[in-house]
Amino acid sequence: MSTIACDTPRSTLDETVWRALCRTAAEHAQRGCGLSYDHYVTLFSSEIDTHASRLPDDQRVQALEIAAQEWDYATPAERQETQDWNAANGYCSHGIELGCCPAGCGS
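Remember, my numbering sits 22 above the position in the sequence shown when you count from 1.
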């Protein structure tokens, strides 16, 4: 008798480990964002994307939902939308008004 793929038990996401990883990523992003929320989201989300890409597909969705609900994870498309809005409205890639960014954006 053959085994049906959907009958095969799937591994589950270790939420405790994932949340600890998210906390660490959030701490790194907070230290490097210069108090810019947009830059925090970019730093945090990029690090989470790297970690999530190593997860099996069936765990990735749940992991990203946790990161979004608890730490403001944004998808690459959402981050691009923010960057496009910033560029169209006089803000640098860090989300700071042009000419005011401590990184020298727009000066």
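Don't be surprised by glycine CBs; every beta carbon is placed ideally from N, CA and C.
Small disclaimer: the values here were computed from a predicted structure and weren't measured.
Close beta carbons around residue i, own chain, < 6 angstroms, minus the five adjacent residues each side
i: A96; result: V63, S67
For residue j and residue i, the rounded distance between their alpha carbons
i: G126; j: T34; result: 45 angstroms
i: E119; j: Y113; result: 4 angstroms
i: T38; j: C122; result: 40 angstroms
i: A110; j: D80; result: 37 angstroms
i: T46; j: E69; result: 10 angstroms
i: C44; j: A99; result: 20 angstroms
i: G54; j: E87; result: 23 angstroms
i: A90; j: P124; result: 28 angstroms
Buried versus exposed call for residue i [16 or more other C-beta atoms within 10 Å across all chains shown]
i: S58; result: buried
i: A51; result: buried
Proximal residues to residue i (C-beta, below 7 angstroms), its chain only, five neighbours per side dropped
i: A85; result: L35, W40, A74, L77
i: A48; result: F66, W93
Cβ neighbours of residue i in the same chain (closer than 8 angstroms, five flanking residues each side left out)
i: N108; result: D60, C114, S115, G117
Just to confirm the assignment: which complete alpha helix (DSSP H) runs, minimum length 4, are found wholly within the segment 52-90? 59-74
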